Amino acid sequence: MPRARRNISPRLLVALVGILLLAWALRVHALDDRSLWADEGWTLVLTEGPGLDDITRTMAADQHPPLFFVLFRIWRTLTGESEFALRYFSVLISMIGVAAIYPLSRGLFGPLAGALAALLLALADLPIDLAQEVRHYGLMATLAIVSSVYYVRVWRRSTRAARIGYVLSSLALLYTHYLGAFVLLAQGVHFLLFARGRRRVLDGLFLFAAVALGFLPWVPVVLVQNSVRWDDPLYFRNSVPNSPETYRAVRTALLGSHYGLMFALLLLGLVYVTYRRTNGFESVRVRLRPLWATAYPALWIVLMVGLTVAINARRQFLTERNFVLIAPAIAVLVAHGLTNLQRVGRALLVAVIVVVGLTTVDARRNYPNWRTVTANVTRYHQGDEPVLMDVWVGDFPVRYYVEQQMGEGTPAISLREWRSEYGVEFLPRLLDTLHALDAFWLVYWGDAPMTEYGALIADAGFAQTAALSVDHLGERLYSYRYDRVPSGELAQFGDLFGLRQASAPEQAAPGETINVFLWWSALQPVPLDYSVSVVALDGQGNVVAQHDGPPLDGYSPTSTWMPDTLQLDVHRLSLPDTLPPGTYDLAVRVYWYGDPQLLPVVQGEQPAGDRAVIGSLVVDSSGG
Numbered sequence: 007m008p009r010a011r012r013n014i015s016p017r018l019l020v021a022l023v024g025i026l027l028l029a030w031a032l033r034v035h036a037l038d039d040r041s042l043w044a045d046e047g048w049t050l051v052l053t054e055g056p057g058l059d060d061i062t063r064t065m066a067a068d069q070h071p072p073l074f075f076v077l078f079r080i081w082r083t084l085t086g087e088s089e090f091a092l093r094y095f096s097v098l099i100s101m102i103g104v105a106a107i108y109p110l111s112r113g114l115f116g117p118l119a120g121a122l123a124a125l126l127l128a129l130a131d132l133p134i135d136l137a138q139e140v141r142h143y144g145l146m147a148t149l150a151i152v153s154s155v156y157y158v159r160v161w162r163r164s165t166r167a168a169r170i171g172y173v174l175s176s177l178a179l180l181y182t183h184y185l186g187a188f189v190l191l192a193q194g195v196h197f198l199l200f201a202r203g204r205r206r207v208l209d210g211l212f213l214f215a216a217v218a219l220g221f222l223p224w225v226p227v228v229l230v231q232n233s234v235r236w237d238d239p240l241y242f243r244n245s246v247p248n249s250p251e252t253y254r255a256v257r258t259a260l261l262g263s264h265y266g267l268m269f270a271l272l273l274l275g276l277v278y279v280t281y282r283r284t285n286g287f288e289s290v291r292v293r294l295r296p297l298w299a300t301a302y303p304a305l306w307i308v309l310m311v312g313l314t315v316a317i318n319a320r321r322q323f324l325t326e327r328n329f330v331l332i333a334p335a336i337a338v339l340v341a342h343g344l345t346n347l348q349r350v351g352r353a354l355l356v357a358v359i360v361v362v363g364l365t366t367v368d369a370r371r372n373y374p375n376w377r378t379v380t381a382n383v384t385r386y387h388q389g390d391e392p393v394l395m396d397v398w399v400g401d402f403p404v405r406y407y408v409e410q411q412m413g414e415g416t417p418a419i420s421l422r423e424w425r426s427e428y429g430v431e432f433l434p435r436l437l438d439t440l441h442a443l444d445a446f447w448l449v450y451w452g453d454a455p456m457t458e459y460g461a462l463i464a465d466a467g468f469a470q471t472a473a474l475s476v477d478h479l480g481e482r483l484y485s486y487r488y489d490r491v492p493s494g495e496l497a498q499f500g501d502l503f504g505l506r507q508a509s510a511p512e513q514a515a516p517g518e519t520i521n522v523f524l525w526w527s528a529l530q531p532v533p534l535d536y537s538v539s540v541v542a543l544d545g546q547g548n549v550v551a552q553h554d555g556p557p558l559d560g561y562s563p564t565s566t567w568m569p570d571t572l573q574l575d576v577h578r579l580s581l582p583d584t585l586p587p588g589t590y591d592l593a594v595r596v597y598w599y600g601d602p603q604l605l606p607v608v609q610g611e612q613p614a615g616d617r618a619v620i621g622s623l624v625v626d627s628s629g630g
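Each residue of the sequence shown is one higher than the one before, starting from 7 at the first, in the working numbering.
In structure tokens form, the structure reads like this:
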């Protein structure tokens, strides 16, 4: 194969710029549509330290090396805390990978293969998916590409710049993810198989030794992490076994829905095909030389897959996203397979790959929607009510959304962490905390939060007053609210409902919207879904502001209320901009939409017509 030229033609340059723009568009598309998931939340927790040395110490107790998290901490400080800004770091890293695969594939198979490899990586589902996460897998794949670029350059012509670039990029790869060692192993095996000449051998051994020496200070940390990892079941919750289902999922993630075509092209990329026309007939010649070029990406794939499967059979650690490490090698070989085709056939297949890639870009993983779960809490949250979390590692993104939606001062307590920290003292600690509260929220994955500490919550004087949920793969993510059971009753509506307690601001400004909190109990089974009307009345009893709706915006229909249970209801009362200053009564009414009659009210053991006054509101320009 002739050596690839370093000069890029104007046409090729335009094509590469277009590929990069396409890669960027696919990676920023709907970047913040999905909620942060557990591992992304964990990244945020790991990078909350005040200094980079704190992050390094924290990572030493985790299962990963620190480079990504140190870099992300710097990025986070500069760009802010929005989901888009947090994830854009991975987008930029992924873009570097798309750009870097061009010189890698060009160095192996020529400029056309370089451009096609960049296009394939730009369209690949798994790299796109991981480019939209606050995790280190995108950086791992990019650094694997960069290390390979310099390895090929050292192989072709060992310059000082190439050697320095190789050592630094390889060290960065190891300090980003330990799976990067598979890429370096592939380089080492490739070197042993194909290196010729005493000088080249010594040069290669020196580079590998320099990388090993640079990683040596972190080796004791790796040993400690390894011993902790296999003893802590937390690390295996997301891992998958060696099974046909696992590898079918990996196959689709790496090769796309058109995996048959991609696999055929990958196999075609292991050879060289030339075409020759003689006497009007075209002959095809398949050859295997030079092996060094095809052998490197092939070894990259084979060693990664083989060793991962072998290790996972003994100690399960595998996740689909681990295999993003071989996505660049697949792109390189498939690109070479396309270059082995004649122009017309190549153009048609490239068109198919582009169309399929564009149509599958939204085929993303279904992670728990913690953003909506927390939004359900935010909608009905009052004051400094703490948010308790019992959702395994999902409490990390919940904590993020609590801070973003309710403010950093809102208490967020991980019961999972408390259980681990306090052991047998967990329940007494929880009980002491509950005794100091009037209300709290519990974010829980599943339908039965009462199994471990439900009786304790009831004994502390609390009742569940709301259960808001989000569906996730047939399960429910709940936001439960608990309130201390009030004594007495403010008013009774017919023989159906008792208004146990009410809470509203005492002061507001014209144009302001206030939240009115109501706590109800059913006096008997209610067959119909009633509505509640909250009104502000002037001195003459005229309605000046009103909000009508089913309890809790329809989340708590009255037909589901059980007698003697406590039910939360919240109404948002918008005051007119032109409302004159003064004192107004706040009152509550109840009705069924099929009956024009309001339920009669008894308040203070006296008939009160069709409304119960729950307080007064002073309206002035200064507000509350």
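Beta carbons: idealized from backbone N, C-alpha and C, even for Gly.
None of the values given here were measured: they were computed from a predicted structure.
With a cut-off of 8 Å on the beta carbons, I'd call residue i and residue j a contact; round off their distance for me.
i, j, result
"residue 500", "residue 605", "4 Å"
"residue 115", "residue 345", "6 Å"
"residue 108", "residue 128", "About 11 Å; that fails the 8 Å criterion."
Out of curiosity, what's the CA-to-CA distance linking residue i and residue j?
i, j, result
"residue 651", "residue 385", "The question about residue 651 has no answer here: the residues shown for the chain are numbered 7 through 630."
"residue 521", "residue 427", "37 Å"
"residue 214", "residue 263", "38 Å"
"residue 537", "residue 50", "42 Å"
"residue 453", "residue 401", "17 Å"
"residue 10", "residue 117", "Summary for residue 10: the model assigns pLDDT 42, below 50, so the residue's position carries little reliability; its value from the coordinates is reported in the next sentence. Looking at the two C-alpha atoms, the distance is approximately 6 Å."
"residue 252", "residue 188", "20 Å"
"residue 494", "residue 612", "15 Å"
"residue 438", "residue 414", "23 Å"
"residue 518", "residue 34", "37 Å"
"residue 375", "residue 560", "21 Å"
"residue 156", "residue 372", "37 Å"
"residue 15", "residue 21", "10 Å"
"residue 465", "residue 388", "23 Å"
"residue 328", "residue 146", "10 Å"
"residue 601", "residue 136", "55 Å"
"residue 515", "residue 594", "21 Å"
"residue 397", "residue 280", "58 Å"
"residue 620", "residue 586", "21 Å"
Helix, strand or coil for residue i? Go by DSSP, reduced to three states.
i, result
"residue 325", "coil"
"residue 251", "helix"
"residue 143", "helix"
"residue 444", "coil"
"residue 109", "helix"
"residue 57", "coil"
"residue 277", "coil"
"residue 565", "helix"
"residue 63", "helix"
"residue 373", "coil"
"residue 497", "strand"
"residue 450", "strand"
"residue 633", "This structure leaves residue 633 out entirely; the chain is present only between 7 and 630."
"residue 37", "coil"
"residue 240", "Per-residue confidence for residue 240 stands at a pLDDT of 49, beneath the threshold of 50, marking its modelled position as unreliable; no derived number is given."
"residue 553", "strand"
"residue 614", "coil"
Tell me the residue span of the alpha helix (DSSP H) that contains residue i.
i, result
"residue 318", "297-320"
"residue 472", "Taken as a continuous stretch (DSSP letters only), residue 472 belongs to no alpha helix (DSSP H), being part of the beta strand (DSSP E) at 468-478."
"residue 589", "Where residue 589 is concerned, there is no enclosing alpha helix (DSSP H), although the beta strand (DSSP E) it sits in stretches over 588-597."
"residue 486", "Where residue 486 is concerned, there is no enclosing alpha helix (DSSP H), although the beta strand (DSSP E) it sits in stretches over 481-490."
"residue 45", "44-52"
"residue 134", "131-136"
"residue 418", "Premise fails: residue 418 lies in the beta strand (DSSP E), 418-420, not in any alpha helix (DSSP H)."
"residue 570", "Residue 570 -> no alpha helix (DSSP H), and no H or E assigned at all."
If you count every other CB in all the chains shown that lies within 10 Å of the CB of residue i, and 16 or more means buried, which is it?
i, result
"residue 358", "exposed"
"residue 568", "exposed"
"residue 86", "exposed"
"residue 24", "exposed"
"residue 571", "exposed"
"residue 322", "exposed"
Hey, quick one: how far does the beta strand (DSSP E) through residue i stretch, first residue to last?
i, result
"residue 347", "From DSSP, residue 347 is part of no beta strand (DSSP E); its letter is neither H nor E."
"residue 507", "503-509"
"residue 526", "519-528"
"residue 578", "573-580"
"residue 175", "Not the beta strand (DSSP E): residue 175 falls in the alpha helix (DSSP H), residues 166-180."
"residue 393", "393-396"
"residue 187", "From DSSP, residue 187 is part of no beta strand (DSSP E) but of the alpha helix (DSSP H) over 186-200."
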